[in-house]
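Presented below is the structure to which this report refers.
2 protein chains.
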Amino acid sequence: MATVKGAATTRAERARQTRRRMLDSAGELFLRDGYAETTMDRIADRAGVAVQTLYYTFRSKGQLLCELVEVTAAGDEEVAPVAQRAWVGEMLTATSGQRVIALAVEHGADIFVRAAPLWPAVAAAASDPHVDRYWAGVTAGRRAGQARMVARLDELGALRPGLDPDRATDVVVTLFGHEAFTSLVTRAHWSVPEYKAWLLTTLAQQLLQRPRLAPRAYADLSYSAQVTR
Amino acid sequence: MATVKGAATTRAERARQTRRRMLDSAGELFLRDGYAETTMDRIADRAGVAVQTLYYTFRSKGQLLCELVEVTAAGDEEVAPVAQRAWVGEMLTATSGQRVIALAVEHGADIFVRAAPLWPAVAAAASDPHVDRYWAGVTAGRRAGQARMVARLDELGALRPGLDPDRATDVVVTLFGHEAFTSLVTRAHWSVPEYKAWLLTTLAQQLLQRPRLAPRAYADLSYSAQVTR
Numbered sequence: 001m002a003t004v005k006g007a008a009t010t011r012a013e014r015a016r017q018t019r020r021r022m023l024d025s026a027g028e029l030f031l032r033d034g035y036a037e038t039t040m041d042r043i044a045d046r047a048g049v050a051v052q053t054l055y056y057t058f059r060s061k062g063q064l065l066c067e068l069v070e071v072t073a074a075g076d077e078e079v080a081p082v083a084q085r086a087w088v089g090e091m092l093t094a095t096s097g098q099r100v101i102a103l104a105v106e107h108g109a110d111i112f113v114r115a116a117p118l119w120p121a122v123a124a125a126a127s128d129p130h131v132d133r134y135w136a137g138v139t140a141g142r143r144a145g146q147a148r149m150v151a152r153l154d155e156l157g158a159l160r161p162g163l164d165p166d167r168a169t170d171v172v173v174t175l176f177g178h179e180a181f182t183s184l185v186t187r188a189h190w191s192v193p194e195y196k197a198w199l200l201t202t203l204a205q206q207l208l209q210r211p212r213l214a215p216r217a218y219a220d221l222s223y224s225a226q227v228t229r
Numbered sequence: 001m002a003t004v005k006g007a008a009t010t011r012a013e014r015a016r017q018t019r020r021r022m023l024d025s026a027g028e029l030f031l032r033d034g035y036a037e038t039t040m041d042r043i044a045d046r047a048g049v050a051v052q053t054l055y056y057t058f059r060s061k062g063q064l065l066c067e068l069v070e071v072t073a074a075g076d077e078e079v080a081p082v083a084q085r086a087w088v089g090e091m092l093t094a095t096s097g098q099r100v101i102a103l104a105v106e107h108g109a110d111i112f113v114r115a116a117p118l119w120p121a122v123a124a125a126a127s128d129p130h131v132d133r134y135w136a137g138v139t140a141g142r143r144a145g146q147a148r149m150v151a152r153l154d155e156l157g158a159l160r161p162g163l164d165p166d167r168a169t170d171v172v173v174t175l176f177g178h179e180a181f182t183s184l185v186t187r188a189h190w191s192v193p194e195y196k197a198w199l200l201t202t203l204a205q206q207l208l209q210r211p212r213l214a215p216r217a218y219a220d221l222s223y224s225a226q227v228t229r
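If you read the sequences in order, they're chains A and B. Each residue of the first sequence is one higher than the last, beginning at 1 in our numbering. Each residue of the second sequence is one higher than the last, beginning at 1 in our numbering.
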């Protein structure tokens, strides 16, 4: 029994490694040559698998891209959906509005950092209905998470008086989205800590009754040294 | 002589009307059917011209789109490049930082209002090298205009102390771009005056030493009733 189980584990592990190699090869080629130029044949070639294996595993180049975005955004260690991760729990139980936003910025922006290199491929594949549906789901999921953050601010009585939570969410979606990240980090070459510090102070100004930041809200986070007020 | 001149004027006027009809037909079809679906044949058909006339006038569907964006963004009355229009002069000679921003928002956002319906066509045509070059030029031109606005704030001593003009321009590009307009107006259905009021208060917060707005900065502008602080 032990031997059979061991063999099965090894087989599963080998399949996992092959899958990972196909995803890595696709990612490298999308980045180097662009999405349109990268054919399934070339991905299979680079990964050292038959093209049939690639199609059997991912169905189409569009579905392969979506899977790649998913695992890249999640990071190597984490596989749980964003809403179920530890930092989301921490954010939704934090007891100051500033801390809620600081945690959202720290961890939410890290998802952008990981996924940003693949965004041009997603844009290039926008006419693929599978990619389009996937991206609409990503966008809707991000808004849902941001709406939960705003709801927590509201529960804490931390929202700026008169600010409607729906409109507050519209603002968060606009400022804390992939377009603003692309504009500041990818195009204008801000460092990630600079971007996070800007996002924290801007969201605090936009959302909070008390926008002036207290160091305890962010002092243990990666970008604390960049927050100057 | 008078007769000949009259005939020439009429011919020039007829050519101008035909050109306008081709542009209008293209715009209607891009909006109704999307950029990819709209063929040069269908545009010619709708405009009541031979497809050869369409190609002779605009060379390609991509160039036709760029010309359409250009005249749509400029509006019916204005044909001068943005940098040469009266409101830009007014903005660059205004003597309060708040007034500089208020004028930029009033008139700059109106360009977005006119051009926004065509942005999906531009995105769909992004792989056309002519469209790609044109759009890069539009984006660079917008940044140049926004950098001039920031330079005027700097001249007036109105910039927040320690704020580098280049970084201030990065922020303006991010907040006062077509992505944020799309997010708030097109997707979240904010009214244009609500969007303008948000942009004014946000840019004032981000850029100015004295972010609290004085009514004289915006009271004569179209969105003044929406500015609540």
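Here a beta-carbon is modelled for each residue, glycine too, at the ideal position from N, C-alpha and C.
Query, Result
"Close beta carbons around Thr57 of chain B, own chain, < 7 Å, minus the five adjacent residues each side", "Arg19 and Met22"
"Within 8 Å, strictly: CB atoms of Arg148 of chain A and Leu92 of chain A", "yes"
"Gly145 of chain B beta carbon less than 8 Å from that of Val82 of chain B", "yes"
"Minimum Cβ-Cβ distance from Val227 of chain A to chain B less than 8 Å", "no"
"Contact set between Gly145 of chain B and chain A, taken where Cβ atoms lie within less than 8 Å", "By Cβ distance, chain A contributes nothing, its closest Cβ being about 16 Å from Gly145 of chain B, past 8 Å."
"Among B:Thr72, B:Ala102 and B:Arg32, nearest to Pro215 of chain B - alpha-carbon criterion", "B:Ala102"
"Proximal residues to Ala44 of chain B (C-beta, below 6 Å), its chain only, five neighbours per side dropped", "Val51 and Leu54"
"Contacts around Ala116 of chain A, its chain only, beta-carbon distance under 8 Å, and the 5 residues preceding and following it disregarded", "His178, Phe181, Thr182, Val185 and Thr186"
"Under 8 Å between C-beta atoms of Arg152 of chain B and Val173 of chain B", "no"
"Residue burial classification, Arg99 of chain A (beta-carbon count within 10 angstroms, cutoff 16)", "buried"
"Short Cβ contact (8 Å threshold) for Val150 of chain B with Pro165 of chain B", "yes"
"Distance CB(Glu106 of chain A)-CB(Ser25 of chain A) smaller than 8 Å", "no"
"Cβ-based neighbour list, Thr169 of chain B, same chain, cut-off 8 Å, excluding 5 preceding and 5 following", "Arg143, Gln146, Ala147 and Val150"
"Chain-ordered residues of the segment 158-176 of chain A with a beta carbon less than 9 Å from chain B", "Gly162, Asp166, Arg167, Thr169, Asp170, Val171, Val173, Thr174 and Leu175"
"Same chain, Cβ closer than 7 Å to Ala126 of chain A, five either side skipped, listed in chain order", "Asp132"
"Contacts that Trp190 of chain A makes with chain B (C-beta to C-beta distance below 9 Å)", "Arg167 and Asp170"
"CB-CB length for Ala158 of chain B against Gly108 of chain B, believed under 8 Å", "Between Gly108 of chain B and Ala158 of chain B the Cβ distance is about 18 Å, and since that is not below 8 Å, they are no contact."
"Phe181 of chain B, enclosing alpha helix (DSSP H) - first and last residue", "His178 to Phe181"
"Extent of the continuous alpha helix (DSSP H) to which Asp128 of chain B belongs", "Element bounds for Asp128 of chain B: n/a, residue is neither H nor E."
"For Leu208 of chain B, three-class secondary structure by DSSP", "strand"
"Same chain, Cβ closer than 6 Å to Thr38 of chain A, neighbours up to 5 away in sequence not counted", "Leu29 and Phe30"
"Cβ shell of Ala73 of chain B (< 7 Å), same chain only, five flanking positions each side left out", "Ile111, Arg114 and Ala115"
"Assigned exposure category for Asp128 of chain B - 16 Cβ within 10 Å defines buried", "buried"
"Alpha carbon of Val192 of chain A to alpha carbon of Arg11 of chain B, nearest angstrom", "59 Å"
"Secondary structure of Leu221 of chain B, DSSP reduced to three states", "coil"
"Beta carbon proximity, Ser60 of chain B to chain A, threshold 8 Å", "no"
"Collapsed DSSP secondary structure at Leu159 of chain B in the structure displayed", "strand"
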